[in-house]
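Peer 1: The structure follows.
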Amino acid sequence: MLRADEAVAPPLPTTDEEREAFHKLLNIENFPEFRETARQYARAYLANANYAADPTYAEFDYTEERLHERMKFIYDSFVENTMYTSHFYDQSTVTYAGKEYPVGKASNKVVIDNLIQKAPFNFLDGVWLQNIMTARPSDEVMSKLFDIWADEAGNGEVEQNHANVYDNLLRSKGVYLPSVNSREFIDYPFVPGAWRTGVFQQCVGLFPQEFFPELLGMTLYLEWEATPTLTPSVRMLRGRGIDPLFYQLHVAIDNISEGHGALAIEAIKAFLAEQRLEGGDDEVQRNWKRIWNGYVTWATVGFLGTDTFMRRLIIDKKKLNIGTPKEPSCVPDLAGFYRDQMLALVRKKAPFAKQVHGGVSLGGKPLNSLFDKPEELLNLLLTEGLVDPKHPRDSNLIALMQFEGPMYRVFSDKEQAVVLDWIESADGDAYDCIEPLPPDTDTDPAVEMEELISKYASQAQFAHASIKLTTQAGEQKPLATLFDRPAELMGALVASGWARRCGLLGFQG
21 MLRADEAVAP
31 PLPTTDEERE
41 AFHKLLNIEN
51 FPEFRETARQ
61 YARAYLANAN
71 YAADPTYAEF
81 DYTEERLHER
91 MKFIYDSFVE
101 NTMYTSHFYD
111 QSTVTYAGKE
121 YPVGKASNKV
131 VIDNLIQKAP
141 FNFLDGVWLQ
151 NIMTARPSDE
161 VMSKLFDIWA
171 DEAGNGEVEQ
181 NHANVYDNLL
191 RSKGVYLPSV
201 NSREFIDYPF
211 VPGAWRTGVF
221 QQCVGLFPQE
231 FFPELLGMTL
241 YLEWEATPTL
251 TPSVRMLRGR
261 GIDPLFYQLH
271 VAIDNISEGH
281 GALAIEAIKA
291 FLAEQRLEGG
301 DDEVQRNWKR
311 IWNGYVTWAT
321 VGFLGTDTFM
331 RRLIIDKKKL
341 NIGTPKEPSC
351 VPDLAGFYRD
361 QMLALVRKKA
371 PFAKQVHGGV
381 SLGGKPLNSL
391 FDKPEELLNL
401 LLTEGLVDPK
411 HPRDSNLIAL
421 MQFEGPMYRV
431 FSDKEQAVVL
441 DWIESADGDA
451 YDCIEPLPPD
461 TDTDPAVEME
471 ELISKYASQA
481 QFAHASIKLT
491 TQAGEQKPLA
501 TLFDRPAELM
511 GALVASGWAR
521 RCGLLGFQG
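What follows is the structure, encoded as structure tokens:
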């Protein structure tokens, strides 16, 4: 929320707007008209910073001593309360609405689903700083921020690029997501909250000069707390046999001694020292408010929230009596997605391919005929050893597409990527959809009786014209007159001894 002396904050973009913004921001050259919308989104996020969310987010006037005091308190709190505790997924009880529920440790399927849901955030690691330095003379502040961005981007080494490290983590568990800048990526069933942090970072980072103080604060937030807050994730993943490298990297390089945490705080001090020379303490405090606004905004902008908590319960079929999904909830069928793409490619190539594979057989069947049966063809490619899911690029099928192979230039680079994605995903584990609990079949006998009376009232009025009943008020009334008032009739049946009350709701004849 805004500070008390400011106007009402503008509304934040909706989930659908954030999903579209995620794609347009990653492809901003194709959507130049979106820049102004991105600027408005950035202002909206920053205006909605919730300073009341935690006592440590309260504003304070800047001095180096106060800055160090506040940040030390925050860091020490995380060390004491988070760093040496077990991860949420390794805890056997969960807390919801102030109550604890024993549900057991989360399964690996829950952990992998959570990794999937964090992909829109982790695939953009460092994106808020990607425009921080252009080709011009630099200064100490810019250099420190660029140093952080360079590490996130891998310092020119493909295998050290943090987004690649995270992609490798997902792929090691059989998860193959589309390219992050593709339309297919935003069509995946990520939880609604998965887009916000990525959009927030990109919107602010798109205008590094306009929002420079806020970018400093955002950097401080993300880099300062990583070591104590991510250490439990490293332990949890390692204990489950899942590669923790992505989180381990951040535990190491974001340290507050010599790492990104230290760079962030030194950049802020250097920037504010420059402001003091230019405009005195008033300029320092004005810029400091903006820096702290960036810090608090990122801390409170929202990230996945209760969505992943609920998914844990659904995937592990845990019931807390707090409601169940109305529709089946599924971990995305990534293997199925890539198989469908491969099937579409086979069908596309089939008219030509059927004419040029005479005399070639696969699994004892003429290859030409198999192009009319793409499902069978893919199965045979797997069973006959033409593809190797463990080492996709070493597959015989891929070798046939190389320079000396008979299928050289038959497949475009994009089509070869489809083939590779299918081969890789063929080694992945399948995830079952979690169906909602069946509807409650318990019915209210009184309601059923009332419906039965209403259904046959017109016929019964003539059949029972001579019968009288005593109502609960002690009046004698003809039975035929009560069929239009089922509740009164039911009471009269009991009062007249024709039926007896059963419990609180039902009647028994």
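Quick note, the sequence shown lines up with residues 21 to 529 if you use this note's numbering.
Here a beta-carbon is modelled for each residue, glycine too, at the ideal position from N, C-alpha and C.
Give every residue of the same chain whose Cβ lies closer than 8 Å to the Cβ of Ser-127, excluding the five residues on either side of it in the sequence, and list them in chain order.
Peer 2: Correct list, in chain order: Ile-335 and Asp-336.
Peer 1: Assign Lys-138 to one of three DSSP states: helix, strand, or coil.
Peer 2: Coil, per DSSP.
Peer 1: Taking its Cβ as the centre, do 16 or more other Cβ atoms sit within 10 Å of Phe-42, making it buried, or is it exposed?
Peer 2: That one is buried.
Peer 1: Could you check if Leu-257 is buried or exposed, using at least 16 other CB atoms within 10 Å of its CB as the buried criterion?
Peer 2: Buried, because 16 or more other Cβ atoms sit within 10 Å of the Cβ of Leu-257.
Peer 1: Along the chain, where does the alpha helix (DSSP H) containing Gln-496 start, and where does it finish?
Peer 2: Not the alpha helix (DSSP H): Gln-496 falls in the beta strand (DSSP E), residues 496-498.
Peer 1: Determine whether the beta carbon atoms of Phe-531 and Ala-69 lie at a separation below 9 Å.
Peer 2: The displayed coordinates of the chain run from 21 to 529. Any statement about residue 531 would go beyond what the structure contains.
Peer 1: Buried or exposed for Pro-31, going by 16 or more other Cβ atoms inside 10 Å?
Peer 2: Flag for Pro-31 reads exposed.
Peer 1: Given a threshold of 16 other Cβ atoms within 10 Å of its Cβ, counted over all protein chains shown, does Tyr-428 qualify as buried or as exposed?
Peer 2: Tyr-428 is exposed by the Cβ-count criterion.
Peer 1: Which residue marks the beginning of the beta strand (DSSP E) containing Leu-390, and which one marks its end?
Peer 2: Careful: Leu-390 lies outside any beta strand (DSSP E), inside the alpha helix (DSSP H) at 387-390.
Peer 1: Contact between the stretch 292-305 and the stretch 261-270: three or more CB pairs below 8 Å?
Peer 2: With a cut-off of 8 Å, the stretch 261-270 and the stretch 292-305 do not count as touching, because too few Cβ pairs lie within range.
Peer 1: If we ignore side chains and look at the alpha-carbon of each, how far apart do Lys-410 and Ile-168 end up?
Peer 2: Cα-Cα distance, rounded: 34 Å.
Peer 1: Under the criterion of a Cβ to heavy atom distance below 8 Å, does Lys-410 qualify as lining the ligand NAP?
Peer 2: Absence of the ligand NAP is noted for the structure shown, with no ligands found whatsoever.
Peer 1: Under the DSSP definition of a beta bridge, which residues are partnered with Leu-382?
Peer 2: BP columns for Leu-382 point to Lys-385.
Peer 1: Would you list the one or two residues that DSSP bridges to Pro-264?
Peer 2: According to DSSP, which records beta bridges pairwise, Pro-264 is partnered with nothing at all.
Peer 1: Can you tell me the Cα-Cα spacing of Asp-462 and Met-469, whole angstroms?
Peer 2: Residue placement at Asp-462 cannot be trusted, given a pLDDT of 47 that sits under 50; what the coordinates show is reported in the next sentence. Straight-line Cα distance between these residues: approximately 14 Å.
Peer 1: Beta-carbon within less than 8 Å of Val-224's beta-carbon, same chain only, minus the 5 sequence neighbours each way: which residues are those?
Peer 2: Counting only Cβ-Cβ distances below 8 Å, and skipping sequence neighbours, we find Ala-62, Tyr-65, Leu-66, Trp-148, Phe-231, Glu-234, Leu-235, Met-238 and Gly-314.
Peer 1: Can you find the residues in the same chain that come closer than 8 Å, C-beta to C-beta, to Pro-122, ignoring five residues on each side of it along the sequence?
Peer 2: Only Ser-112 and Thr-113 meet the Cβ criterion.
Peer 1: Should Ala-58 be labelled buried (16 or more other beta-carbon atoms within 10 Å of its own) or exposed?
Peer 2: Ala-58 comes out buried.
Peer 1: Grab the span of the beta strand (DSSP E) containing Leu-489 for me, first residue to last.
Peer 2: Per DSSP, Leu-489 belongs to the beta strand (DSSP E) from 488-490.
Peer 1: Where Leu-406 and Ser-199 are concerned, what is the direct C-alpha to C-alpha distance, given to the nearest angstrom?
Peer 2: Approximately 26 Å, taken between the alpha carbons.
Peer 1: Could you give the distance in angstroms between the alpha-carbon of Tyr-104 and the alpha-carbon of Arg-255?
Peer 2: If I take the Cα positions, the gap works out to 10 Å.
Peer 1: Can you tell me whether Tyr-358 is helix, strand or coil according to DSSP?
Peer 2: Reduced to three states, the DSSP call for Tyr-358 is helix.
Peer 1: According to DSSP, simplified to helix, strand and coil, what is Pro-248?
Peer 2: If DSSP states are grouped into helix, strand and coil, Pro-248 belongs with the helices.
Peer 1: What did DSSP end up calling Val-114 once you bin it into helix, strand or coil?
Peer 2: If DSSP states are grouped into helix, strand and coil, Val-114 belongs with the strands.
Peer 1: What's the C-alpha gap between Ile-48 and Asp-145?
Peer 2: Those two C-alpha atoms are separated by around 18 Å.
Peer 1: For the alpha helix (DSSP H) containing Ala-287, list its first residue and its last residue.
Peer 2: Here the alpha helix (DSSP H) through Ala-287 covers 280-320.
Peer 1: Below 8 Å on the Cβ atoms is my contact criterion, and I expect Tyr-196 with Asp-441 to pass it. Report the Cβ-Cβ distance as a whole number of Å.
Peer 2: At roughly 6 Å, the Cβ-Cβ gap stays under 8 Å, so Tyr-196 and Asp-441 are in contact.
Peer 1: So what does DSSP say about Glu-120, is it helix, strand or coil?
Peer 2: The answer is strand: DSSP assigns Glu-120 an E or B state.
Peer 1: Taking buried to mean at least 16 other C-beta atoms within 10 Å of its own C-beta, is His-88 buried or exposed?
Peer 2: With fewer than 16 Cβ atoms within 10 Å of its Cβ, His-88 is classed as exposed.
Peer 1: Is the Cβ-Cβ distance between Leu-165 and Leu-283 less than 9 Å?
Peer 2: Yes, the pair counts as a contact, with Cβ atoms nearer than the cut-off.
Peer 1: Could you tell me which uninterrupted alpha helix (DSSP H) segments, each at least 4 residues in length, are contained entirely in the stretch 384-449, listed from first to last along the chain?
Peer 2: Taking only runs of at least 4 residues, the alpha helix (DSSP H) segments lying wholly in the stretch 384-449 are 387-390, 394-403, 416-419 and 433-445.
Peer 1: 9 Å is my cut-off, CB to CB: does Asn-134 come that close to chain D?
Peer 2: The chain inventory of the structure shown lacks chain D, comprising one protein chain alone.
Peer 1: Using the C-alpha atoms, what's the distance from Thr-115 back to Gly-300?
Peer 2: Straight-line Cα distance between these residues: approximately 49 Å.
Peer 1: Gln-222: buried (16+ other C-beta within 10 angstroms of its C-beta) or exposed?
Peer 2: Gln-222 comes out buried.
Peer 1: Report yes if the CB atom of Arg-332 is closer than 9 Å to the CB atom of Asn-134, and no otherwise.
Peer 2: Result yes, Cβ atoms of Arg-332 and Asn-134 sit closer than 9 Å.
Peer 1: What would DSSP say about Ile-206, mapped onto helix, strand or coil?
Peer 2: Ile-206: helix per DSSP, three-state reduction.
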